[in-house]
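Once you know that position 7 of the sequence shown is 37 in the numbering used here, the rest is easy, because the numbers rise by one and skip nothing.
Ideal placement from N, C-alpha and C gives every residue a C-beta, glycine not left out.
One structure is given below, encoded as structure tokens.
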Amino acid sequence: MVTPPVALASYTAAGIARANANTTGLYAFILGMPSFLIPIAFVRDPGILFVGDWPTVVMAGIAIAAGSAAWTIMISGYLATALNLAERFMFGAVAVVLILKPFDDIGRYVSLAAFAALFAWGMRSSLFRSDKPATAGE
């Protein structure tokens, strides 16, 4: 993801946005970190490579997608509102556990539940916000 063609694209995007090219390249590298962890996850969980029965394969796909999303949320520090340092740390820990699968299937289910709970916690401010803009007819 951060090979020279993509890095070149991030530098071009930085030029178009009139942003610092080195900072943009660094953020591209950090956001691409799950792509470096996924080959290790192939060894830890063959379900990612469609090896095994279909519930294993589906659960592996869901876990990788949720882990990548958790990593991106942790790096960006934003989910409906800005996240504090503790929330970002929790998203990062859940991301690593979901991608690398250090525990058995029960651990994966607990990790997915933790991701869902963290996601709901992060979205709470947008769901219960009272300063929503008025719509026509109100």
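Residues of its chain near residue i, where Cβ-Cβ distance is below 6 Å and the 5 sequence neighbours each way are ignored
i    : result
I103 : L109, F121
T54  : S40, A44
T86  : G77
W101 : P64, A125
G97  : A125, L128, I129
F80  : V87
Reference residue i, options the options, closest by Cα
i    : options                : result
S141 : W151, A123, G152, R154 : A123
V127 : A112, A144, V88, L61   : A144
F149 : I129, P132, T111       : T111
G105 : N52, I60, A47          : Residue 105 is actually Ile in this sequence, not Gly. For the residues N52, I60, A47, the minimum Cα distance to I105 belongs to I60.
A116 : F80, W151, W84, N52    : W151
R118 : A99, R138, F133, I136  : A99
D135 : V88, T42, N50          : V88
Own chain partners of residue i with C-beta closer than 7 Å, once the 5 adjacent residues on each side are dropped
i   : result
G82 : P76
N50 : A44
Beta-carbon proximity check, residue i vs residue j, cutoff 8 Å
i    : j    : result
R48  : K131 : no
I129 : I92  : no
A37  : A58  : yes
A71  : I46  : no
Contact set for residue i: own chain, Cβ-Cβ below 8 Å, skip 5 residues either direction
i    : result
M153 : L109, A110
W84  : none
The ligand SAH heavy atom lying under 7 Å from the CB of residue i
i    : result
W101 : You won't find the ligand SAH in this model; it holds no ligand whatsoever.
Give the list of continuous alpha helix (DSSP H) stretches no shorter than 4 residues that lie fully inside the stretch 71-158.
84-106, 115-130, 135-157
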